[in-house]
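Just so you know, the protein sequences line up as chains G and P, in that order.
Residue numbering for the first sequence is 1086 to 1351, as defined by our numbering.
Residue numbering for the second sequence is 4 to 604, as defined by our numbering.
Using N, Cα and C, we set each Cβ at its ideal position, and we do this for glycine too.
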Amino acid sequence: MGRKFFLYLDIILLVLLSIISLFHKSLVLSIVFLFFAPGYLLINLLFPDVWKPGYGLRVVMSVGVSTVVVGLLGLFHGYFIADRFPILATFAIFNGVLGIIVISRRYTFGKPESLEFIKFPQIKAGFWQIAKLVSILIVIIFFVYFLWIEGNQQPEFTEFYILGSEGLAADYPVEVIVNTPSSITVGITNQEGAKHTYTVVALCSDMPVGLISEIAIEEGETWEGQLTIVIHEPGDGQRIEILLADENYDFPYRSLIYWVDVIPDE
Amino acid sequence: MNKKNFIGISEFFIVLGLLSFAGMVFVASQSFGNGMYTASIYEEYSPLFWGLFFFSAFCGVVRVLLDVFLIRDGHRWLWGTFLLIGLTGFLLALPIFRNYAFNGQYDSVVHYSWALEIFEYGSPDVLDFYPVSHIWASTLAKSSGLTVREAVLLLPVIIYFVGVFNIFLLAWVFDDRPEARGLIVTMSVLPIYTFLQGQFYPLQMAIYMLWLFLALFLKTRTRPSNVREVILFILVLFLLPFLHPLGVFAALASITSFFIFEFVGSQFSNVQEKSRLFGAFDKVLAPFVILFASWFTWLSGFSVFGVSIKRIYQSLVDELSGQSFTGRYTSVVERAQGGLGEIFRLIIFVHGPGLIWGGLVGVAILLMIVTRGKIRNISMFLIFPIAIFFGLGLVSLVVDIIASLPHRYINYAIALIPAFTAPVFVRYFDQARRSGRVIITCILFFAIVGAFWTGTYHIYFSKLIRSASNQFSMAQLKGYQFLQEFDSKSGRGIYSALGGAKNVFALMPYNDFIKWFQDSPNWWIRNAPAHFTYGEQPDELGYEFVNPEYLIVTAYERGIHGIGPQQSRFSSNDFLMLEWNNHWNKVYESGDFSLWVWRDE
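The following block contains the structure:
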């Protein structure tokens, strides 16, 4: 019973993994599910009785064949299966059906003559040679994993924007009245990875015409507020610069521009 | 020195190589990308990092050559090859570690859109089924929990490793000598494929699958009675058109050459069995190949191929009018700013691996001629694949000239050369005297190290080839998302400084774009005029902007200007002029992406 169980173990594990992959999201599992299992099951279906190609070569071949099967099955799914039927379920059903057939065929053909796992490749090396190489590989894998995890952290930058009267990126002020407060919506999104405190200042002809200070924003949060601007000199085509200050960066950290005609108060 | 000494040296080099690898990864783990654009990924890492990287590769190459040519004890070379595979995989994964949004402004983003479409709307349809890499990316995202964007970034690395498995299979099918297998695999897994293999390019994925195609093809030839291998071969055959059209041409060229040269070789050799061109097995296989060819012809009716044909036609017209060919080479000289040293450097880093591998083919042919008396049978056997290379090279040259597709087809030739030349070197080494052995080992050492070195510097754009990185940064992505969220739906258009204009819709599923477009039927996107027109009409700023709504400027345009001003459509003065152009309000800034809104009078 024990040996017979091991005869089907690889197939059972892959079918179970296919089922688990439907409910549990994992990169490692999904790579095995998509880029190994379908090919492995198909090859074992085609070669149930003969252990040629050897086990190692089967494993090698399984990766490429899986990639092909996933591509073709995906196309098949698109053309012949209802739109909303989950594509992963198609792969899982494929793996499950193949797994059952492989097990039944193995049962029919009996156990193979030998189960020499990883017969290929034969690397001739002593225990300590292998041990030191494997230990270095573990260190490398650790750092690569660290890079993968850390590399996928939030980026570090800040978004700075102004919105028009309708709350869209349009209809910005064209005219303002001299010495009369006007306002514009200013937005800041903090993507810096930590809480930051900002200051917004508006300049016209290098003179400050508006200010909002001490805007503390948590990581990932967006702040929007009204910046009130008062311009004291009339004239057409005046350039309003809205600058963002962040104590962690040189000033100005970000800058925006809009143009207005400043008309006299009548 | 005896064999035991060589084993000691070989062990020393692999430990040294792995330690360098570990040190390199440690150095890399001290700095992460912050999501902002950088003009060159190479400059993001210290000289120590690159020193360790290349030293590790050097150790891997030494280990492989020691094991293949001097120790010759089974598959010991695998350690060195694994080291080189690890280094190449790490190199391809750098954009992930640098926190890129996409590795590439254009193709990666557009393919992302199709993969996202499949992801969001369930299954592929007529709009997004081609190429099949969309299905791989969306399915990987669905099953792993990654976003589609992350899957698009990761898939080229995964497919590289799929390719590694495929080349192992091809090497094992192709030659039963461990030494020849070692050379085939080692020479194939290096970062030698031009045209940015780390990007989401179906071309690169087709190359890696071509090895599987050839392995199964050869397997079906060696065991013609076994229909089970034929089934696997046919599966690969039917996937090929969905990978890349050039992959189909390469596959057809390969098997056609095989049939022809097997027939020719059998006529001139002493082999009793004549060509099996019309043997029993071929009667089974031939209908499938005919079916495949018919199917491909049918598939060619799709617009994606139609566009390619139009491009080839247009290039041919340009060529006949003297624009295409001369224009391209003039541009190389311009990029080099006239200096011969610069031209030489550009050629080395743009075409380095191809030139080196081409040189190896020349050496292999020379060896076959020199030793033809001794290795007559094997030379008869190998003449067909060598001819395949030259056939591919010729096609590559023609396609390059008439279709302006530099670097593309040559990838397939580069991918096939190791399998067809490595056995010649091993065979020659077995029969040569001491001096001949030293020479051939030195040639291979310098070729592999040279290909690795030049190939490494061709994976990403840099100052070395006078092209700025076309990284799509996270800050740029946020900018496009802002535009999508706050678009006024006014029915007017968007100007983008460079060709990334279509990124606006490429960053959403196509169905969503259609809906967006329906809300704003007169909406359009267009490239901004060169120099924002400032150089031509300084008194009429922006006169060529017709009825615009938005203008997008990204760090990419500034990066191009910084690295290769002569290639840029904009100068630093243009960006300064834009800041003082009272037609435009600058309303969004993320560091890498600024959005400008046309100011109505």
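Anticipated Cβ contact below 8 angstroms, residue i with residue j, distance rounded
i: Ile563 (chain P); j: Ala471 (chain P); result: 4 angstroms
i: Ser465 (chain P); j: Tyr45 (chain P); result: 5 angstroms
i: Tyr415 (chain P); j: Leu249 (chain P); result: 7 angstroms
i: Ser141 (chain P); j: Ser1115 (chain G); result: Not confirmed; about 12 angstroms, so no contact.
i: Phe236 (chain P); j: Thr223 (chain P); result: 5 angstroms
i: Ser1316 (chain G); j: Val1294 (chain G); result: According to the sequence provided, residue 1316 (chain G) is Ile. The question's Ser does not apply to it. The pair is a contact, with the Cβ atoms about 5 angstroms apart (cut-off 8 angstroms).
i: Tyr40 (chain P); j: Gln474 (chain P); result: 6 angstroms
i: Met208 (chain P); j: Ser136 (chain P); result: 5 angstroms
Simplified DSSP assignment, three categories, for residue i
i: Thr1307 (chain G); result: strand
i: Pro205 (chain P); result: helix
i: Leu408 (chain P); result: At Leu408 (chain P), the pLDDT of 44 sits below 50, so the modelled position is not reliable; the number obtained from the coordinates is stated separately. Correct three-state label for Leu408 (chain P): coil.
i: Lys1280 (chain G); result: coil
i: Met511 (chain P); result: coil
i: Phe2 (chain P); result: Residue 2 (chain P) lies beyond the residue range present for chain P, which begins at 4 and ends at 604; the question has no answer from this structure.
i: Leu1329 (chain G); result: strand
i: Glu592 (chain P); result: strand
i: Ala450 (chain P); result: helix
i: Tyr415 (chain P); result: helix
i: Arg469 (chain P); result: coil
i: Phe428 (chain P); result: helix
i: Phe245 (chain P); result: helix
i: Tyr195 (chain P); result: The amino acid at residue 195 (chain P) is misidentified as Tyr; the sequence shows Ile. Ile195 (chain P) falls in the coil class under three-state DSSP.
i: Glu1251 (chain G); result: coil
i: Phe105 (chain P); result: strand
i: Ser23 (chain P); result: helix
i: Ala118 (chain P); result: helix
i: Ser523 (chain P); result: coil
i: Ser1298 (chain G); result: strand
i: Arg436 (chain P); result: coil
i: Gly125 (chain P); result: coil
i: Asp1095 (chain G); result: helix
i: Gly330 (chain P); result: Below a pLDDT of 50, predicted positions are generally treated as unreliable, and Gly330 (chain P), at 45, falls in that range; the measurement from the model is reported next regardless. The answer is helix: DSSP assigns Gly330 (chain P) an H, G or I state.
i: Gly77 (chain P); result: coil
i: Arg572 (chain P); result: coil
i: Asp131 (chain P); result: coil
i: Phe548 (chain P); result: coil
i: Arg180 (chain P); result: coil
i: Tyr211 (chain P); result: helix
i: Tyr1334 (chain G); result: coil
The beta strand (DSSP E) enclosing residue i, as first and last residue numbers
i: Thr84 (chain P); result: Not the beta strand (DSSP E): Thr84 (chain P) falls in the alpha helix (DSSP H), residues 81-100.
i: Thr41 (chain P); result: No beta strand (DSSP E) contains Thr41 (chain P), which DSSP labels as neither H nor E.
i: Ser499 (chain P); result: 496-499
i: Val556 (chain P); result: 551-557
i: Asn530 (chain P); result: 528-530
i: Glu1244 (chain G); result: 1242-1248
Opposing strand residues paired with residue i [DSSP bridges]
i: Gln1323 (chain G); result: G:Val1345
i: Glu1260 (chain G); result: G:Asp1346
i: Pro1293 (chain G); result: G:Leu1288
i: Asn1275 (chain G); result: G:Thr1243
i: Arg1339 (chain G); result: G:Leu1329
i: Trp601 (chain P); result: P:Trp587
i: Ser1267 (chain G); result: G:Ile1314
i: Phe485 (chain P); result: Its beta-bridge partners do not exist; DSSP assigns none.
i: Phe475 (chain P); result: P:Phe105
Limits of the unbroken alpha helix (DSSP H) element including residue i
i: Glu582 (chain P); result: 575-582
i: Arg152 (chain P); result: 151-177
i: Gly36 (chain P); result: Run containing Gly36 (chain P): none; DSSP gives neither H nor E here.
i: Lys492 (chain P); result: No alpha helix (DSSP H) contains Lys492 (chain P), which DSSP labels as neither H nor E.
i: Ala144 (chain P); result: 136-147
i: Pro356 (chain P); result: 343-373
Proximity test, Cβ basis, 9 angstroms: residue i and chain C
i: Thr1243 (chain G); result: The chain labelled as chain C is not found among the protein chains of the depicted structure, namely G and P.
Let me know the alpha helix (DSSP H) ranges lying completely inside the stretch 1100-1150 of chain G, each 4 residues or longer, listed in chain order. 1112-1120, 1122-1131
Completely contained alpha helix (DSSP H) runs for the stretch 44-70 of chain P, where each covers 4 or more residues: 50-68
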